[in-house]
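Only one structure is covered here, and it is reproduced in the block below.
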Amino acid sequence: MTMVPANLPHRLDRTVLIHARPETAFRYFTDSARWAAWWGPGSSIEPRAGGRLTIRYPNGIKAHGEVIEIEPPRRLTFTYGYASATPIAAGASLVTITLTKDGENTRLDLTHAFDDAAVRDEHVQGWRYQLSVFANVVCDETLASANERIDAWFGAWSEPDDARRTVALSQVVLPTVHFKDRFGSVATLEDLAAHLTGVQRFMPGLTIERAGMTRRCQEVALVDWVARSANGEERGRGTNVFEFSVDGFIAAVTGFWHQNL
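My numbering puts the sequence shown at residues 416 to 676.
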């Protein structure tokens, strides 16, 4: 039977929002491959009460623990200590992670209980970092197709046929998609499709394509683009800020022109 450490009066509390459903985020506590994607190669977890967990940090430090409680998709509690027994011996501290639905997001509340206040304080920055990594790792999986959808977005802007353009947009954006730049402001897929019809009417043959790598932090992506006329002449460059839904669809786009047409 797993023993819960006693007399741990010093708490470290952290909260972070995860752009995913609780069921999606909780998979990282029940699957060793995902657990390792968060913590580092060689990390593993046995998702059952009494199950062993291992954390191998990129710098070679190793931590161990045992699962005390696992309640999908809501709560994970486990003991935590270092293989070296410094500054925490194996089983000598207790971590509780709780996931709660918060609108479209999941709120992750973490409590790490210690027997020593100074050791607690040493772990504040570590958890600040690790929970940020966790939020991004979850989104890296749920938004694995982000680049394809971004390219499809630009492809729709370049599509001269109204019907094909609308079909292409419907496959990558929400019906309630919002878009704004200096030349347009729309709030639905229908209005966006009509706006792009106007773009092709007044600038026939215009194409827009992604320029360079996508830069993404959780559900927000920053993408540079270049616009060209029908003869291939460059007409302008800019940057779009994309926001994605928890299902990976484009929810909102804000466009910035570096050069005007």
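C-beta atoms are modelled at their ideal positions from N, C-alpha and C, and glycine is treated no differently.
Report buried or exposed for residue i, applying the criterion of at least 16 other Cβ atoms within 10 angstroms of its Cβ.
| i | result |
| --- | --- |
| Cys554 | buried |
| Arg426 | exposed |
| Ser600 | exposed |
| Glu544 | The residue asked about is misnamed: residue 544 is Tyr in this sequence, not Glu. Tyr544 comes out exposed. |
| Gly480 | buried |
| Thr591 | exposed |
| Ser499 | exposed |
| Val548 | exposed |
| His538 | buried |
| His673 | exposed |
| Val677 | This structure gives no information on residue 677, because the portion of the chain shown stretches from 416 to 676. |
Could you say which of the options lies nearest to residue i if we only look at CA atoms?
| i | options | result |
| --- | --- | --- |
| Thr501 | Ile476, Gly653 and Arg580 | Ile476 |
| Phe362 | Val587, Val641, Arg597 and Arg467 | The first residue shown for the chain is 416 and the last is 676, placing residue 362 beyond what the model contains. |
| Arg447 | Thr654, Ala528, His538 and Ser459 | Looking at the sequence provided, one finds Ser at residue 447 rather than Arg. The candidate whose alpha carbon is nearest that of Ser447 is Ser459. |
| Phe529 | Ala504, Glu519 and Gly653 | Ala504 |
| Ser644 | Pro575, Glu519 and Gly455 | Pro575 |
| Arg489 | His673, Ala583, Phe598 and Leu523 | Leu523 |
| Ile665 | Leu584, Ala452, Tyr495 and Gly627 | Leu584 |
| Leu423 | Arg625, Asp606 and Arg535 | Arg535 |
| Leu621 | Thr591, Phe594, Arg652 and Ala578 | Arg652 |
| Ile565 | Gly627, Trp454, Pro619 and Ala550 | Gly627 |
| Leu525 | Asp428, Val638 and Asp639 | Asp428 |
| Val527 | Trp542, Gly518 and Asp517 | One detail in the question is off: residue 527 reads as His in this sequence, not Val. For His527, the nearest C-alpha among the options comes from Trp542. |
Going straight from the alpha carbon of residue i to that of residue j, what length do you get?
| i | j | result |
| --- | --- | --- |
| Gly663 | Ala561 | 7 Å |
| Phe444 | Glu461 | 9 Å |
| Arg449 | Ala559 | 14 Å |
| Gln540 | Ile485 | 26 Å |
| Gln633 | Phe441 | 17 Å |
| Ile623 | Leu611 | 12 Å |
| Arg650 | Val641 | 8 Å |
| Val431 | Leu514 | 10 Å |
| Glu438 | Thr469 | 22 Å |
| Val419 | Thr492 | 10 Å |
| Arg630 | Thr669 | 15 Å |
| Arg580 | Ala608 | 7 Å |
| Gly496 | Val510 | 10 Å |
| Thr603 | His593 | 6 Å |
| Glu605 | Val614 | 15 Å |
| Trp572 | Pro619 | 11 Å |
Per DSSP, what are the beta-bridge partners of residue i in this structure?
| i | result |
| --- | --- |
| Trp672 | Gly653 |
| Gly496 | His479 |
| Arg471 | Lys477 |
| Ser425 | Looking at the sequence itself, residue 425 is His, so the reference to Ser does not match. DSSP, once it has assigned bridges, lists Phe529 as partnering His425. |
Every unbroken beta strand (DSSP E) inside the region 549–619 [3 residues or more]: 588–596 and 599–601
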